Amino acid sequence: MSGAASGYLARHAHALVSSAGHLARAPFATLFTVLVMGLALALPLGLEVLVRNVRAATGDFTGAVSISVYLHAGVDEQHARQLGATARSHPGVAAVQLITAAQALAQFRAQSGFGAALDALQDNPLPNVLVVTPAPGATGAASMESLRRVLAAWPETETVQLDGDWVRRFNALLDLLHRALLLAAGLLGLGVVAVVGNTIRLEIQNRRAEIEVTKLVGGTNGFVRRPFLYTGALYGLLGGLTALLVIGVSGLLLQPPVSELARSYGAEFALRGPALEDLGLLLGGSTVLGWLGAWLAASRHLARIEPGAG
(Lines of atoms letter the chains of each structure in order from A and count residues from 1; the text may use other names and numbers.)
(Lines give C-alpha, C1' and ligand atoms only; values in the text may rest on other atoms or scores of the structure.)
Protein backbone atom coordinates (compact mmCIF):
# COMPACT_ATOMS: atom_id res chain seq x y z
CA MET A 1 0.00 0.00 0.00
CA SER A 2 1.40 3.43 -0.94
CA GLY A 3 2.22 6.08 1.62
CA ALA A 4 -0.54 8.37 0.38
CA ALA A 5 -3.16 5.64 0.74
CA SER A 6 -1.85 4.69 4.19
CA GLY A 7 -2.01 8.30 5.30
CA TYR A 8 -5.52 8.68 3.93
CA LEU A 9 -6.74 5.61 5.81
CA ALA A 10 -4.93 6.70 8.96
CA ARG A 11 -6.63 10.11 8.89
CA HIS A 12 -10.06 8.54 8.49
CA ALA A 13 -9.37 5.95 11.20
CA HIS A 14 -8.27 8.72 13.55
CA ALA A 15 -11.45 10.70 12.77
CA LEU A 16 -13.60 7.63 13.41
CA VAL A 17 -11.91 6.83 16.73
CA SER A 18 -12.10 10.49 17.76
CA SER A 19 -15.81 10.61 16.96
CA ALA A 20 -16.50 7.44 18.91
CA GLY A 21 -14.57 8.89 21.84
CA HIS A 22 -16.67 12.08 21.85
CA LEU A 23 -19.86 9.99 21.91
CA ALA A 24 -18.54 7.84 24.75
CA ARG A 25 -17.62 10.91 26.82
CA ALA A 26 -21.24 12.13 26.71
CA PRO A 27 -23.14 8.86 27.31
CA PHE A 28 -26.46 10.35 28.43
CA ALA A 29 -26.72 12.85 25.57
CA THR A 30 -25.71 10.12 23.13
CA LEU A 31 -28.23 7.68 24.62
CA PHE A 32 -31.15 10.09 24.35
CA THR A 33 -30.29 11.06 20.78
CA VAL A 34 -29.93 7.43 19.74
CA LEU A 35 -33.22 6.50 21.43
CA VAL A 36 -35.11 9.23 19.57
CA MET A 37 -33.61 8.09 16.28
CA GLY A 38 -34.21 4.42 17.05
CA LEU A 39 -37.89 4.93 17.82
CA ALA A 40 -38.35 7.02 14.69
CA LEU A 41 -36.70 4.34 12.57
CA ALA A 42 -38.50 1.45 14.29
CA LEU A 43 -42.01 2.77 13.64
CA PRO A 44 -42.19 2.37 9.83
CA LEU A 45 -40.20 -0.88 9.76
CA GLY A 46 -42.23 -2.34 12.62
CA LEU A 47 -45.50 -1.53 10.87
CA GLU A 48 -44.15 -2.96 7.61
CA VAL A 49 -43.27 -6.18 9.44
CA LEU A 50 -46.80 -6.19 10.90
CA VAL A 51 -48.35 -5.88 7.43
CA ARG A 52 -46.20 -8.76 6.17
CA ASN A 53 -47.26 -10.93 9.09
CA VAL A 54 -50.93 -10.15 8.43
CA ARG A 55 -50.47 -11.15 4.79
CA ALA A 56 -48.66 -14.32 5.83
CA ALA A 57 -51.34 -15.22 8.36
CA THR A 58 -54.21 -14.67 5.95
CA GLY A 59 -52.47 -15.74 2.77
CA ASP A 60 -54.11 -12.63 1.29
CA PHE A 61 -57.31 -14.73 1.56
CA THR A 62 -56.56 -15.85 -1.97
CA GLY A 63 -58.71 -18.96 -1.62
CA ALA A 64 -61.70 -16.87 -0.54
CA VAL A 65 -61.78 -14.93 -3.81
CA SER A 66 -63.64 -16.69 -6.59
CA ILE A 67 -66.01 -16.18 -9.50
CA SER A 68 -69.20 -18.19 -9.74
CA VAL A 69 -70.35 -18.82 -13.32
CA TYR A 70 -74.03 -19.84 -13.49
CA LEU A 71 -74.71 -21.63 -16.76
CA HIS A 72 -77.97 -21.75 -18.67
CA ALA A 73 -80.34 -24.52 -17.61
CA GLY A 74 -79.93 -26.17 -21.00
CA VAL A 75 -76.19 -26.74 -20.55
CA ASP A 76 -75.69 -30.38 -19.56
CA GLU A 77 -73.02 -31.70 -17.21
CA GLN A 78 -70.66 -32.91 -19.95
CA HIS A 79 -70.70 -29.52 -21.66
CA ALA A 80 -70.18 -27.84 -18.28
CA ARG A 81 -67.05 -29.95 -17.72
CA GLN A 82 -65.73 -28.90 -21.11
CA LEU A 83 -66.32 -25.26 -20.19
CA GLY A 84 -64.49 -25.87 -16.91
CA ALA A 85 -61.49 -27.20 -18.81
CA THR A 86 -61.58 -24.13 -21.05
CA ALA A 87 -61.67 -21.82 -18.03
CA ARG A 88 -58.82 -23.74 -16.39
CA SER A 89 -56.58 -23.06 -19.39
CA HIS A 90 -56.90 -19.30 -18.87
CA PRO A 91 -53.56 -17.87 -17.57
CA GLY A 92 -55.27 -16.03 -14.70
CA VAL A 93 -57.05 -19.12 -13.35
CA ALA A 94 -55.65 -21.41 -10.65
CA ALA A 95 -58.53 -23.91 -10.31
CA VAL A 96 -62.07 -24.59 -11.48
CA GLN A 97 -64.67 -26.58 -9.55
CA LEU A 98 -67.86 -27.82 -11.16
CA ILE A 99 -70.93 -27.91 -8.93
CA THR A 100 -73.44 -29.92 -10.89
CA ALA A 101 -77.13 -29.22 -10.75
CA ALA A 102 -77.67 -32.53 -8.95
CA GLN A 103 -75.05 -31.67 -6.31
CA ALA A 104 -76.54 -28.23 -5.79
CA LEU A 105 -80.04 -29.68 -5.39
CA ALA A 106 -78.81 -32.30 -2.90
CA GLN A 107 -77.00 -29.64 -0.87
CA PHE A 108 -80.04 -27.40 -0.88
CA ARG A 109 -82.23 -30.32 0.16
CA ALA A 110 -79.94 -31.11 3.11
CA GLN A 111 -79.66 -27.54 4.32
CA SER A 112 -83.10 -26.09 3.63
CA GLY A 113 -85.39 -28.69 5.17
CA PHE A 114 -87.72 -28.51 2.17
CA GLY A 115 -87.10 -32.07 1.08
CA ALA A 116 -90.77 -32.94 0.61
CA ALA A 117 -91.44 -29.83 -1.44
CA LEU A 118 -88.44 -30.50 -3.65
CA ASP A 119 -89.64 -34.07 -4.28
CA ALA A 120 -92.74 -32.58 -5.89
CA LEU A 121 -90.64 -30.86 -8.57
CA GLN A 122 -90.53 -32.67 -11.88
CA ASP A 123 -87.30 -31.01 -13.06
CA ASN A 124 -84.23 -29.70 -11.29
CA PRO A 125 -84.45 -25.88 -11.48
CA LEU A 126 -80.83 -25.36 -10.46
CA PRO A 127 -78.12 -24.87 -13.11
CA ASN A 128 -74.60 -26.24 -13.30
CA VAL A 129 -72.15 -23.81 -11.70
CA LEU A 130 -68.44 -23.30 -12.28
CA VAL A 131 -66.51 -21.89 -9.31
CA VAL A 132 -63.39 -20.27 -10.77
CA THR A 133 -60.48 -19.54 -8.40
CA PRO A 134 -58.03 -16.95 -9.76
CA ALA A 135 -54.27 -17.39 -9.65
CA PRO A 136 -52.50 -15.77 -6.65
CA GLY A 137 -51.18 -12.93 -8.78
CA ALA A 138 -54.50 -12.27 -10.49
CA THR A 139 -56.72 -11.28 -7.57
CA GLY A 140 -56.52 -7.53 -8.21
CA ALA A 141 -59.61 -5.59 -9.18
CA ALA A 142 -58.51 -5.11 -12.80
CA SER A 143 -57.51 -8.77 -13.25
CA MET A 144 -60.73 -10.04 -11.68
CA GLU A 145 -62.87 -7.76 -13.83
CA SER A 146 -61.03 -8.87 -16.97
CA LEU A 147 -61.61 -12.53 -16.08
CA ARG A 148 -65.26 -11.84 -15.28
CA ARG A 149 -65.78 -10.30 -18.71
CA VAL A 150 -64.20 -13.31 -20.43
CA LEU A 151 -66.48 -15.72 -18.56
CA ALA A 152 -69.57 -13.55 -19.02
CA ALA A 153 -68.99 -13.47 -22.79
CA TRP A 154 -69.62 -17.22 -23.12
CA PRO A 155 -73.00 -17.90 -24.77
CA GLU A 156 -73.59 -20.66 -22.20
CA THR A 157 -73.27 -18.20 -19.29
CA GLU A 158 -76.43 -17.04 -17.57
CA THR A 159 -74.79 -14.78 -15.01
CA VAL A 160 -71.42 -14.26 -13.34
CA GLN A 161 -70.99 -13.41 -9.67
CA LEU A 162 -67.80 -12.12 -8.06
CA ASP A 163 -67.35 -13.66 -4.62
CA GLY A 164 -65.10 -12.10 -1.99
CA ASP A 165 -65.45 -8.35 -2.50
CA TRP A 166 -64.53 -7.92 1.16
CA VAL A 167 -61.26 -9.74 0.52
CA ARG A 168 -60.29 -7.34 -2.25
CA ARG A 169 -61.17 -4.42 0.01
CA PHE A 170 -59.03 -5.94 2.75
CA ASN A 171 -56.06 -6.37 0.42
CA ALA A 172 -56.58 -2.85 -0.94
CA LEU A 173 -56.47 -1.59 2.65
CA LEU A 174 -53.18 -3.41 3.22
CA ASP A 175 -51.78 -1.89 0.01
CA LEU A 176 -52.90 1.56 1.17
CA LEU A 177 -51.25 0.98 4.54
CA HIS A 178 -48.05 -0.11 2.79
CA ARG A 179 -47.94 3.13 0.78
CA ALA A 180 -48.67 5.15 3.89
CA LEU A 181 -45.74 3.42 5.57
CA LEU A 182 -43.44 4.43 2.74
CA LEU A 183 -44.58 8.03 3.15
CA ALA A 184 -44.11 7.83 6.92
CA ALA A 185 -40.65 6.33 6.43
CA GLY A 186 -39.69 9.28 4.24
CA LEU A 187 -40.98 11.84 6.72
CA LEU A 188 -39.36 10.11 9.70
CA GLY A 189 -36.14 9.85 7.69
CA LEU A 190 -36.20 13.63 7.33
CA GLY A 191 -36.77 13.81 11.07
CA VAL A 192 -33.67 11.71 11.68
CA VAL A 193 -31.65 14.04 9.44
CA ALA A 194 -32.97 17.02 11.42
CA VAL A 195 -32.13 15.42 14.79
CA VAL A 196 -28.58 14.59 13.74
CA GLY A 197 -28.14 17.98 12.12
CA ASN A 198 -29.21 19.81 15.26
CA THR A 199 -26.99 17.60 17.43
CA ILE A 200 -23.97 18.27 15.21
CA ARG A 201 -24.75 22.00 15.20
CA LEU A 202 -24.61 22.06 18.99
CA GLU A 203 -21.41 19.99 18.94
CA ILE A 204 -19.82 22.49 16.55
CA GLN A 205 -20.79 25.40 18.79
CA ASN A 206 -19.38 23.65 21.85
CA ARG A 207 -16.08 23.00 20.05
CA ARG A 208 -15.83 26.39 18.38
CA ALA A 209 -12.53 27.31 20.06
CA GLU A 210 -10.99 23.98 19.03
CA ILE A 211 -12.15 24.47 15.47
CA GLU A 212 -10.70 27.99 15.32
CA VAL A 213 -7.33 26.73 16.51
CA THR A 214 -7.39 23.91 13.93
CA LYS A 215 -8.15 26.35 11.14
CA LEU A 216 -5.49 28.73 12.44
CA VAL A 217 -2.78 26.10 11.95
CA GLY A 218 -3.99 25.33 8.43
CA GLY A 219 -6.83 22.85 8.85
CA THR A 220 -9.28 22.98 5.96
CA ASN A 221 -13.06 22.81 6.25
CA GLY A 222 -12.91 19.26 4.90
CA PHE A 223 -10.42 18.21 7.55
CA VAL A 224 -12.46 19.82 10.33
CA ARG A 225 -15.71 18.40 8.97
CA ARG A 226 -14.51 14.79 8.80
CA PRO A 227 -14.95 13.81 12.48
CA PHE A 228 -18.42 15.38 12.54
CA LEU A 229 -19.43 13.28 9.54
CA TYR A 230 -18.27 10.15 11.32
CA THR A 231 -20.17 11.27 14.41
CA GLY A 232 -23.35 11.59 12.36
CA ALA A 233 -22.79 8.19 10.73
CA LEU A 234 -22.25 6.60 14.15
CA TYR A 235 -25.43 8.21 15.43
CA GLY A 236 -27.29 6.75 12.44
CA LEU A 237 -25.80 3.28 12.87
CA LEU A 238 -26.58 3.22 16.59
CA GLY A 239 -30.09 4.46 15.87
CA GLY A 240 -30.60 1.63 13.37
CA LEU A 241 -29.36 -0.95 15.87
CA THR A 242 -31.71 0.51 18.49
CA ALA A 243 -34.61 0.23 16.04
CA LEU A 244 -33.79 -3.45 15.49
CA LEU A 245 -33.69 -3.97 19.25
CA VAL A 246 -37.09 -2.30 19.66
CA ILE A 247 -38.63 -4.45 16.92
CA GLY A 248 -37.07 -7.63 18.32
CA VAL A 249 -38.32 -6.98 21.85
CA SER A 250 -41.76 -6.07 20.51
CA GLY A 251 -41.89 -9.34 18.60
CA LEU A 252 -40.98 -11.34 21.70
CA LEU A 253 -43.68 -9.59 23.73
CA LEU A 254 -46.35 -10.08 21.07
CA GLN A 255 -45.58 -13.70 20.21
CA PRO A 256 -47.38 -15.33 23.20
CA PRO A 257 -50.78 -13.62 22.63
CA VAL A 258 -50.47 -14.16 18.86
CA SER A 259 -49.82 -17.87 19.38
CA GLU A 260 -52.75 -18.10 21.78
CA LEU A 261 -55.04 -16.40 19.26
CA ALA A 262 -53.87 -18.73 16.48
CA ARG A 263 -54.45 -21.81 18.66
CA SER A 264 -57.99 -20.64 19.39
CA TYR A 265 -58.60 -21.00 15.65
CA GLY A 266 -56.87 -24.37 15.52
CA ALA A 267 -53.74 -23.08 13.82
CA GLU A 268 -50.10 -22.43 14.59
CA PHE A 269 -48.49 -19.12 13.68
CA ALA A 270 -45.14 -17.55 14.56
CA LEU A 271 -44.40 -13.90 14.00
CA ARG A 272 -41.79 -13.24 11.34
CA GLY A 273 -39.14 -10.62 11.96
CA PRO A 274 -37.53 -8.33 9.38
CA ALA A 275 -35.93 -10.01 6.38
CA LEU A 276 -32.18 -9.85 5.85
CA GLU A 277 -32.58 -7.22 3.15
CA ASP A 278 -34.62 -5.15 5.61
CA LEU A 279 -31.78 -5.31 8.12
CA GLY A 280 -29.25 -4.18 5.56
CA LEU A 281 -31.54 -1.42 4.31
CA LEU A 282 -32.24 -0.19 7.83
CA LEU A 283 -28.64 -0.12 9.02
CA GLY A 284 -27.28 1.24 5.76
CA GLY A 285 -30.09 3.79 5.40
CA SER A 286 -29.82 5.00 9.00
CA THR A 287 -26.06 5.42 8.64
CA VAL A 288 -26.50 7.42 5.44
CA LEU A 289 -29.21 9.57 7.04
CA GLY A 290 -26.92 10.29 9.99
CA TRP A 291 -24.05 11.17 7.66
CA LEU A 292 -26.32 13.41 5.58
CA GLY A 293 -27.61 15.30 8.62
CA ALA A 294 -24.05 15.81 9.84
CA TRP A 295 -22.85 16.96 6.41
CA LEU A 296 -25.66 19.52 6.07
CA ALA A 297 -25.03 20.94 9.53
CA ALA A 298 -21.24 20.90 9.31
CA SER A 299 -21.10 22.40 5.81
CA ARG A 300 -23.34 25.25 6.91
CA HIS A 301 -21.85 26.12 10.28
CA LEU A 302 -18.15 25.38 9.80
CA ALA A 303 -17.92 27.90 6.97
CA ARG A 304 -18.99 30.61 9.42
CA ILE A 305 -16.20 29.86 11.88
CA GLU A 306 -12.94 31.62 11.04
CA PRO A 307 -9.98 32.36 13.32
CA GLY A 308 -10.40 35.76 14.94
CA ALA A 309 -14.01 36.18 13.73
CA GLY A 310 -16.76 37.14 16.14
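For our numbering, add 458 to where a residue sits in the sequence shown, where the first one is 1.
Each residue gets a CB set at the ideal place from its N, CA and C atoms; glycine is no exception.
These numbers come from a predicted model, not from an experiment.
Strand pairing of residue i, partner residues [DSSP]
i	result
Q555	V589
L529	T615
L734	Answer by DSSP bridge pairing: none, since L734 is not bridged.
Rounded straight-line distance, which links the Cα of residue j to that of residue i
i	j	result
T745	V618	54 angstroms
L760	A667	12 angstroms
H480	G680	19 angstroms
S464	A596	57 angstroms
L729	E506	13 angstroms
W612	P732	47 angstroms
G644	L674	40 angstroms
S476	L489	18 angstroms
A560	L620	23 angstroms
L711	F727	15 angstroms
A484	I662	15 angstroms
G768	R762	Its pLDDT being 49, under 50, G768 is placed unreliably by the model, and the measurement read from it follows with that caveat. Rounded to the nearest angstrom, the two C-alpha atoms are 10 angstroms apart.
V554	L497	48 angstroms
V704	L508	14 angstroms
R539	G706	52 angstroms
Q536	L639	51 angstroms
L758	R637	Note that residue 758 is Arg in the sequence shown, not Leu. Each residue's Cα considered, the two are about 34 angstroms apart.
S722	G742	40 angstroms
G677	R665	15 angstroms
L556	L719	35 angstroms
S708	A552	37 angstroms
L734	Q565	49 angstroms
R469	P715	52 angstroms
V670	R510	A quick correction: the sequence has Glu, not Val, at residue 670. Answer to the nearest angstrom: the Cα atoms are 52 angstroms apart.
L467	F486	30 angstroms
A471	W753	18 angstroms
Contact belief for residue i with residue j at Cβ below 8 angstroms, rounded distance in angstroms
i	j	result
G542	L588	5 angstroms
L737	L702	7 angstroms
L747	V651	5 angstroms
V533	E603	With a Cβ gap of about 24 angstroms, V533 and E603 do not count as contacting.
S524	V590	6 angstroms
G649	G690	Not a contact, Cβ separation roughly 14 angstroms.
A531	P585	5 angstroms
T529	A642	Here the sequence assigns Leu to residue 529, which means Thr is not the residue at that position. With a Cβ gap of about 49 angstroms, L529 and A642 do not count as contacting.
V512	L632	7 angstroms
Cβ shell of residue i (< 7 angstroms), same chain only, five flanking positions each side left out
i	result
V494	V653
T491	V653, T657, Y693
G550	P592, A593, A596, S601, L605
A478	L692
V527	V587, L588, V590, L609, T615, V618
W749	L687, G690, A691, G694
L696	V492
A514	R730
Residues of its chain near residue i, where Cβ-Cβ distance is below 8 angstroms and the 5 sequence neighbours each way are ignored
i	result
T672	F681, V682
L740	L499, L503, G698, A701, L702, P732
L445	The structure shown has nothing for residue 445, since the chain only spans 459 to 768.
Q713	A728, L729
A482	T488
Beta-carbon proximity list for residue i, same chain, < 6 angstroms, skipping 5 on both sides
i	result
A755	G655, I658, R659
A473	R684, P685, Y688
T558	E535, N586
S717	none
A562	L584
R627	none
>> Quick check on the DSSP output: what are the complete alpha helix (DSSP H) runs of length 4 or more inside the segment 681 to 706, in order along the chain?
In response: none
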